[in-house]
Structures are given as C-alpha cells and as structure tokens.
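Asker:
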Amino acid sequence: MAPIPARAGARPSPRASWWFSVRAWSRVMLLMGCGGAGTTACSPTESALRERTFHPGERQHDRDSTVVELQHAHYGPQTVRLRVRLRNEGATAVQVPRDGILLAYDGLEYPLDTATATGITDPIVLPPGRDHHLVLRFRLARAMTREAKLLLRGMTRNAEALTPLRLTIPALLATSATTIDSDATGRKN
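In my numbering, the protein residues as written are 21 to 209.
Pasting the structure below:
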C-alpha cells in the first residue's frame with residue numbers, strides 16, 4: 021500500500037497528532053488484550069483508561085445515617101473492582117450482610133466475588149461514628165460500558181431494617197477501548 025502524498029504545507033496539529041496516537045495505541049492494546057493475565061506490554065495510558073479515582077464526597081450516597089462512598093474503580097474486561105468506604109454516622113452499630121452487596125448492571129444483579137474481596141466479614145459491623153474500607157470485586161458477563169448501581173441491601177440497626185443504599189458507579193472513561201471508534205461528537209468513525 022503506497023503512502024498518500026501530503027499537500028504542500030499541510031501538517032496535522034500537535035493536538036490532532038496526540039489524539040491519533042492515543043486512539044491508535046488504545047486499538048493496539050485492545051487487540052493485544054491488554055490487562056489480561058500475563059501481558060506486560062500495556063502502557064500507562066491504557067492503565068489510566070481502566071482506572072478512576074474519585075475525590076472525597078464526589079461519589080457517595082447516604083440514608084439513615086449510613087454513608088457509602090466510592091473512592092476508586094478499576095475496570096477489567098469482565099470484572100470491576102471498587103474501593104469503597106462505609107461510614108456509620110448514627111448512635112448505634114449497623115450490620116451489613118455480605119450477600120446483600122450486589123452490583124446491578126445491564127438488567128442483572130451480580131453478587132460479590134468473595135474469593136478476591138478484602139475487608140469483608142459476614143456481617144460487616146459498623147460501630148457508631150466509624151468507617152470501614154472495603155475492596156469489592158464483581159465478575160460481569162462483559163465489560164462495563166454503561167453506569168451501574170452498587171446495592172447494599174439487608175442492612176440493620178438495632179434489629180430494624182434500614183433502607184437499601186444505591187450508589188451509581190460510572191462506566192469506563194469515554195476514551196477507553198469500549199468507545200475507541202467514536203470521536204468527540206459521538207459520531208462513529
């Protein structure tokens with residue numbers, strides 16, 4: 021295939037060159053299966069597309085003096101790993117059952133992958149005025165391309181049921197491998 025001759029004096033802008041290189045690299049990494057077990061050729065750019073860190077208070081939901089806050093999300097090809105903080109602002113302890121932690125996505129509810137989750141006891145007991153940090157992992161049927169909901173059901177305080185907590189989990193970044201073929205306007209290339 022012969023190269024296309026450039027017009028005299030025509031040059032791509034530095035921004036366009038950068039955008040093209042990021043998109044091209046992302047396509048290569050997608051084809052290579054970057055992020056899978058045993059791959060070492062992934063760039064920091066691809067890693068940044070699969071992880072998001074949130075500022076305190078940016079992603080949280082509270083009800084009945086119980087707060088769940090998303091601190092970090094890592095998106096894999098068929099998994100999502102969340103680092104969350106549970107906080108009890110009430111005067112008595114709150115209990116959260118492990119099987120009450122679910123991820124609602126794409127019309128299904130996925131249970132917690134307890135084999136790889138850390139900080140999980142059954143039930144999780146939140147003393148008054150204390151925080152509890154959890155790392156939650158969910159195995160999905162496919163990559164998380166739309167937002168999901170983290171559900172905390174079955175919570176109790178003094179043997180009384182509390183209203184479930186529902187925290188919105190954002191999808192992958194817009195420039196990730198899932199939307200590589202669309203430009204900034206959303207049109208397909």
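Just so you know, even glycine gets a beta-carbon here, dropped at the ideal spot from N, CA and C.
Which residues does DSSP list as the beta-bridge partners of His94?
Answerer: Partner(s): Glu71 and Arg101.
Asker: Start and end of the beta strand (DSSP E) containing Ile189?
Answerer: That run of the beta strand (DSSP E) goes Leu185 to Ile189.
Asker: Compute the beta-carbon to beta-carbon distance between Arg105 and Glu129, rounded to the nearest angstrom, for a pair I have assumed lies under 8 Å.
Answerer: Between Glu129 and Arg105 the Cβ distance is about 22 Å, and since that is not below 8 Å, they are no contact.
Asker: From the DSSP output, in three-state form, read off Gly56 for me.
Answerer: Low confidence applies to Gly56: its pLDDT is 44, below 50, so where it sits in the model is not reliable, and the reading given next is rough at best. In this structure, Gly56 counts as coil in the three-state DSSP scheme.
Asker: Would you mind reading off the limits of the beta strand (DSSP E) that contains Glu129?
Answerer: Leu128 to Pro131 is the extent of the beta strand (DSSP E) around Glu129.
Asker: Per the contact definition of three or more C-beta pairs closer than 8 Å, is the stretch 158-165 in contact with the stretch 73-91?
Answerer: Not touching, per the Cβ criterion.
Asker: Please list, in chain order, all residues of the same chain as Gly58 whose beta carbon is under 6 Å from its beta carbon, the five residues on each side excluded.
Answerer: For Gly58, the pLDDT reaches just 42, beneath the cut-off of 50, and the residue's location in the model is therefore unreliable, leaving the point undetermined.
Asker: Which residues mark the beginning and the end of the beta strand (DSSP E) in which Leu182 is found?
Answerer: Leu182 -> no beta strand (DSSP E), and no H or E assigned at all.
Asker: Whose C-beta lies closer than 7 Å to the C-beta of Asn178 among residues of the same chain, with five residues either side of it excluded?
Answerer: Result list for Asn178: Thr112, in chain order.
Asker: Indicate whether Leu171 and His81 have their beta-carbon atoms separated by less than 7 Å.
Answerer: Not closer than 7 Å, so no.
Asker: For the putative contact between Phe158 and Leu123, defined by C-beta atoms under 8 Å, what is the C-beta separation to the nearest angstrom?
Answerer: The Cβ separation is near 4 Å, so the contact holds.
Asker: Could you compute how far the alpha carbon of Val116 sits from the alpha carbon of Arg107?
Answerer: Each residue's alpha carbon lies about 11 Å from the other.
Asker: So, using beta-carbon positions, are Leu160 and Val114 closer together than 7 Å?
Answerer: The answer is no: Cβ separation not under 7 Å.
Asker: Considering only residues of the same chain and omitting the five flanking positions on each side of Glu109, which have a CB-CB separation below 6 Å?
Answerer: Taken in chain order, the residues that qualify are Ser85.
Asker: Kindly indicate which residue of Asp126, Gln91, Glu78 and Gly77 has the alpha-carbon position closest to the one of Gln98.
Answerer: The shortest Cα separation from Gln98 among Asp126, Gln91, Glu78 and Gly77 belongs to Asp126.
Asker: Can you pull the DSSP bridge partners for Thr86?
Answerer: Arg83 and Asn108, per the DSSP bridge assignment.
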